[in-house]
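S.K.: With the sequence shown counted from 1, adding 4 to any position gets you our numbering.
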Amino acid sequence: MSLQKDFKWSDKVYTMKEFVDVFTYRLPQIIFIAVGWDGKDVDHTFSGDEMYRIAAVKRQRRVVAKHGSGYFVSIPATTKKKVDLFFPDGNVKKSVNMDELLSALATVGDGTLKMMFENDEKVSFSFGPDQGANISFGVMRVIDVYDERYLVGHSICDGKVYSPIMPVPIPVYMTIELAIAVGLVDGTDDDYYKVLADIEAKMKGGKIEINDTDGRWSRRRVSTTQNHLLLVSQHVPVGDMHD
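1) Based on Cα-Cα distance, which residue from L105, F90, I79 and Y154 lies nearest to V127?
2) According to DSSP, is K9 helix, strand or coil?
3) Can you check which of these residues, L182, F141 and I139, is closest to L155 by C-alpha distance?
4) Are the beta-carbon atoms of V187 and K9 separated by less than 8 Å?
5) According to the neighbour-count rule (16 or more other Cβ atoms, all chains shown, within 10 Å of its Cβ), is R153 buried or exposed?
6) From the DSSP output, in three-state form, read off G23 for me.
7) Starting from the C-beta of M144, find all residues in its chain whose C-beta is less than 8 Å away, skip the five residues before and the five after it, and write them out in chain order.
8) Please identify the residue among K62, C161, V176 and S159 whose C-alpha is closest to the C-alpha of K21.
9) Can you tell me whether DSSP reads T217 as helix, strand or coil?
10) Just mark T250 as buried or exposed, buried being the case when its beta carbon has 16 or more other beta carbons within 10 Å.
11) Is it buried or exposed for R66, if we count other Cβ within 10 angstroms and need 16 for buried?
12) Look up R57 in the DSSP assignment and give the residues it is bridged to.
13) Reducing DSSP to helix, strand and coil, say where S73 ends up.
14) Might you give, ordered along the chain, the residues of its own chain that have their beta carbon closer than 7 Å to the beta carbon of T19, omitting 5 neighbours on each side?
15) Under three-state DSSP, which class holds K1?
16) Which of the three DSSP states is assigned to I139 in this structure?
17) Helix, strand or coil, according to DSSP, for E125 in the structure here?
18) To which residues of the same chain is D124 closer than 7 Å at the C-beta, ignoring the five residues directly before and after it?
19) Where do the ends of the beta strand (DSSP E) carrying K98 lie?
20) Take L109 and list the residues in its own chain whose beta-carbon comes closer than 7 Å to its own, dropping the five residues that flank it on each side.
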């Protein structure tokens, strides 16, 4: 049981934004990806046939800085890394945390604050060209602060639900379309509710949260996307990304 062919699926297919608007307060939901999203590698690709138990919609604040190469570095505001700040009046503030960076942004004009990882430390990132490489980014211009949204849940594969310690974050900006489980192909409503109860029993005690552990974003291991640096070729303002 718990295979895609066993479930009846909604006639309507939802975009990510539609799912968030309709189901944020009606979770958990069993979904399958009707239209997938192809990333740079297998860990960043969601195929158009995968099933998930979506349990929460989470937000995370991120800082975006523009690198001299033209790429954008997306940095979680929860990172423990220290940075050096370069103010438009020439002042420099060394070794500050992200909270101090956010406070500094409130005192200067948009796009005028620059930053560098402390002592131009080489850092790795989990998505983008040469992902995983240690790179010295140098001085970057801070261009945005925004809240990213994620669907958070667990993969259902071959009739098995991945354990509570392996949450899957799916960023809402992805152009994925979802169908919602509404019953069983062969079974009564009572049978369907028993299947759902069995899935929930397997998840008992599991925490759905954005944690502070370091690690790669992977759909097949403990997932900690929200602590990763992301190197991307385009930054879409949050209003455009979600509306």
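Ideal placement from N, C-alpha and C gives every residue a C-beta, glycine not left out. Values in this document were obtained by computation on a predicted structure and should not be read as measured data.
M.R.: Short version:
1) Position 123 of the sequence shown, counted from the start, is the residue given in the question as residue 127. Comparing Cα-Cα distances from V127 to each of L105, F90, I79 and Y154, the minimum goes to I79.
2) Here residue 9 corresponds to residue number 5 of the sequence shown, with the count starting at 1. Helix at K9.
3) If you number the sequence shown from 1, residue 155 lands on position 151. That would be L182, whose Cα lies nearest to the Cα of L155.
4) In the sequence shown, residue 187 corresponds to position 183, counting from 1. In the sequence shown, residue 9 corresponds to position 5, counting from 1. Before going on, a small fix: residue 187 reads as Gly here, not Val. Contact flag unset, no.
5) Translated into the one-based positions of the sequence shown, residue 153 becomes position 149. Result: buried.
6) Position 19 of the sequence shown holds residue 23. According to the sequence displayed, residue 23 carries Phe and not Gly. In this structure, F23 counts as helix in the three-state DSSP scheme.
7) Position 140 of the sequence shown, counting from 1, holds the residue named residue 144. Closer than 8 Å at Cβ, skipping near neighbours: A69, K70, H71, G72, V77, K118, M119 and M120.
8) Locating residue 21 in the sequence shown gives position 17, where the first residue counts as 1. When only C-alpha atoms are compared, the closest one is V176.
9) For the purposes of this step, residue 217 is taken as residue 213 along the sequence shown, with counting starting at 1. Bear in mind that a pLDDT of 28 at T217, under 50, signals an unreliable position, so the number given afterwards is only what the model happens to contain. The answer is coil: DSSP assigns T217 none of H, G, I, E or B.
10) Within the shown structure, residues of the chain are numbered from 5 to 247, placing residue 250 beyond reach of any answer.
11) Counting from 1 along the sequence shown, the entry for residue 66 is found at position 62. The residue in question, R66, is buried, as its Cβ has 16 or more Cβ neighbours within 10 Å.
12) Locating residue 57 in the sequence shown gives position 53, where the first residue counts as 1. Note: R57 sits in a beta bridge opposite I34 and H158.
13) As a first step, residue 73 must be located in the sequence shown, where it is residue number 69. Three-state DSSP puts S73 in coil, outside helix and strand.
14) Position 15 of the sequence shown, counted from the first residue, corresponds to residue 19. E181.
15) Examination of residue 1 is not possible in this model, given that the chain is present from 5 through 247 alone.
16) Taking the first residue of the sequence shown as 1, we reach residue 139 at position 135. Here I139 sits in strand by DSSP.
17) Taking the first residue of the sequence shown as 1, we reach residue 125 at position 121. Coil at E125, not helix or strand.
18) If you number the sequence shown from 1, residue 124 lands on position 120. Here the set comprises S140 and G142.
19) Working through the sequence shown from its first residue, we reach residue 98 at position 94. Residues V96 to V100.
20) Numbered from 1 along the sequence shown, position 105 holds the residue referred to as residue 109. Hits under 7 Å: L117, V146 and V149.
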